[in-house]
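A.B. asks:
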Amino acid sequence: KGSRRPGIAGDYPGATTHRKAHTIQGSIRPPEFTREQHIDSYFQDAILKKSTRKVSVDDSTYDTVFQTTAGDALILRVYFPPPSSVRPPQMTLVGVKAVHNWLDRSTMRVTGYQSIQNDMAWKHARVLLGQAVREVVTHLQLNPPDIIDVVDPGLAKMQSNLRTGPMNNNTNNNPPAYNTCTTPPTPPPPVVNMPSIPSQFPDELEVKTRDELHEILNNELEFLKLLQSIPVHQEIQLQRDSILDENAKISTSVLERSEEYTLLHGRVTDLKESLSTKLQQFSEWQQQQDEFLKPPASSIVIKELNRVRKEAYRKSEQIAADWTDGNIEEFCKEFIPLRHTMHRRAAKVERLNFQH
-1 KGSRRPGIAG DYPGATTHRK AHTIQGSIRP PEFTREQHID SYFQDAILKK STRKVSVDDS
59 TYDTVFQTTA GDALILRVYF PPPSSVRPPQ MTLVGVKAVH NWLDRSTMRV TGYQSIQNDM
119 AWKHARVLLG QAVREVVTHL QLNPPDIIDV VDPGLAKMQS NLRTGPMNNN TNNNPPAYNT
179 CTTPPTPPPP VVNMPSIPSQ FPDELEVKTR DELHEILNNE LEFLKLLQSI PVHQEIQLQR
239 DSILDENAKI STSVLERSEE YTLLHGRVTD LKESLSTKLQ QFSEWQQQQD EFLKPPASSI
299 VIKELNRVRK EAYRKSEQIA ADWTDGNIEE FCKEFIPLRH TMHRRAAKVE RLNFQH
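The structure is reproduced here in structure tokens:
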């Protein structure tokens, strides 16, 4: 007994359960993390989970879509070796040829991330798979590779969609959701468990003559009565009723969501109109602000400077006329600053006149 050891499943973002860690025989991963914890950390990562999908039958290979700050969509393929292997995870950019100091130019394999460079580095890194993938994705997002060629048609289409679609305005560093970047696959047809085809006719038909069978075919009521008694038909009827009920529930759900979306559309329309009105008002106020902050015309400035220059000259002359035998220091304190102000304003007028 004791406190929970650090580094188990609850330590990474998005984990919802805490599992007791144990050592995996033959694995180089640290004993704190099991294979299940590594994979959970990848799929439960708050940033990566919406853009990651499994692409192999087993639990070894995954694709994570992300968008770089240069606007390119890239796919990082992560291969997580089976428990019996001692190799670290392998991460590769698929569908492109690119140049980056973290990438092997011939294989596009990530070689610059220290924690997965070799077996010992992965063993001593003591990081979960989700954290390792997130750090590689973040580095390639913020330091985009130079794309030489897009060799995968699906990825090329994805690039085009991102450059022209709403994802082009995505300013955060989170990878885009997988279904926002790829064309969703066509859903498979619904599976209907039809009853097996009978190997023989019902007993009630086997004993009837040809005339009796013709009579049943020509009599609709008798035909329907016989049809209702056949077990295969009864089973098909039950399946039909079940499918009709399910379709009715789905239709009701769609109609309910339709009303919800109609209300949301109305709200968005109102907000759009309100935003348009506020933007128009903001534009008018901005024009008024530009008028207020616009520097006055030179002629107005020169006229005002001449006025205050003359005013300073008049006041200084009045002080000189009123002074007779008073204190010379008091006279200088009043007279000199006014003269200085007058000459400074005269110099500004002369400079403005020279510039124009």
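According to this note's numbering, the sequence shown holds residues -1 to 354 in order.
Just so it is clear, CB atoms sit at the ideal spot from N, CA and C, and this is done for glycine as well.
1) Is the beta carbon of Leu72 less than 8 Å from the beta carbon of Leu138?
2) Over the uninterrupted beta strand (DSSP E) stretch that includes Asn115, give me the two end residues.
3) Comparing alpha-carbon positions, which option in Leu262, Val135, Gln157 and Val97 lies nearest Asp43?
4) So the candidates are Glu210, Glu282, Asp38 and Lys223; which of them puts its Cα closest to the Cα of Phe78?
5) State whether the segment 107 to 127 contacts the segment 85 to 96, with contact taken as three or more CB pairs (one from each stretch) at a distance under 8 Å.
6) What is the DSSP secondary structure of Val306, reduced to helix, strand or coil?
7) Report yes if the CB atom of Leu291 is closer than 8 Å to the CB atom of Lys313, and no otherwise.
8) What is the DSSP secondary structure of Phe78, counted as helix, strand or coil?
9) Which value, in whole angstroms, describes the spacing of the CA atoms of Glu258 and Thr250?
10) Ignore the nearest five residues each way along the sequence and tell me which others in Val149's own chain have a CB closer than 8 Å to its CB.
11) If the criterion is Cβ atoms closer than 8 Å, does the pair Ile397 and Asp70 meet it?
12) Between the C-alpha atoms of Thr180 and Leu242, what's the straight-line distance to the nearest angstrom?
13) What does DSSP give as the partner residues of Thr32 in its beta bridges?
14) Please return the same chain residues whose Cβ sits closer than 6 Å to the Cβ of Trp100, not counting the five positions on each side in sequence.
15) Tell me which same chain residues have a C-beta within less than 8 Å of the C-beta of Asn351, skipping the five on either side of it?
16) Which residue or residues does DSSP assign as beta-bridge partners of Lys223?
17) With which residues is Val131 paired in a DSSP beta bridge?
18) Alpha carbon to alpha carbon, what distance is there between Leu261 and Asp239?
19) From His231 to Glu220, what distance separates their C-alpha atoms?
20) Can you give me the start and stop residues for the alpha helix (DSSP H) that Arg238 sits inside?
21) Just to confirm the assignment, what range does the alpha helix (DSSP H) spanning Met106 have?
22) I'd like the list of long-range same chain contacts for Ala345, defined as Cβ closer than 6 Å, with 5 residues on each side in sequence excluded.
23) Based on the DSSP secondary-structure assignment, which residues constitute the bridge partners of Tyr60?
24) Does any CB atom of chain C fall closer than 8 Å to the CB of Met118?
25) For Asn191, which option in Leu224, His212, Glu233 and Arg343 has the closest C-alpha, if you only look at C-alpha atoms?
26) Buried or exposed, going by whether 16 or more other CB atoms sit within 10 Å of the CB of Thr207?
C.D. replies: According to the data block:
1) yes
2) Sequence inspection shows Gln at residue 115; the Asn mentioned does not correspond to that position. No beta strand (DSSP E) contains Gln115, which DSSP labels as neither H nor E.
3) For Asp43, the nearest C-alpha among the options comes from Val135.
4) Asp38
5) yes
6) In the structure shown, Val306 sits in a helix (DSSP, three-state: H, G or I).
7) no
8) coil
9) Near 13 Å, if we compare the C-alpha coordinates of Thr250 and Glu258.
10) Gly93, Val94 and Lys95
11) Any property of residue 397 remains undetermined from this structure, which presents the chain solely from -1 to 354.
12) Note that Thr180 has pLDDT 47, beneath the 50 cutoff, so the model's placement of it is unreliable and the number below is only indicative. Cα-Cα distance, rounded: 33 Å.
13) Per DSSP, none; premise fails for Thr32.
14) Residues of the same chain with a CB within less than 6 Å of the CB of Trp100, apart from the 5 flanking positions on each side, are Val108 and Gly110 in chain order.
15) Ile300
16) Partner(s): none; Lys223 has no beta bridge.
17) Paired residue(s): none; Val131 is not in a bridge.
18) 33 Å
19) 15 Å
20) Pro229 to Leu291
21) For Met106, no alpha helix (DSSP H) encloses it, and the DSSP letter there is neither H nor E.
22) Non-local beta-carbon contacts of Ala345 in its own chain, meaning distances under 6 Å to residues more than five positions away in sequence, are absent.
23) Lys52 and Val76
24) In the displayed structure, chain C is absent; only one protein chain is listed.
25) Of Leu224, His212, Glu233 and Arg343, the residue nearest in Cα terms is Glu233.
26) exposed
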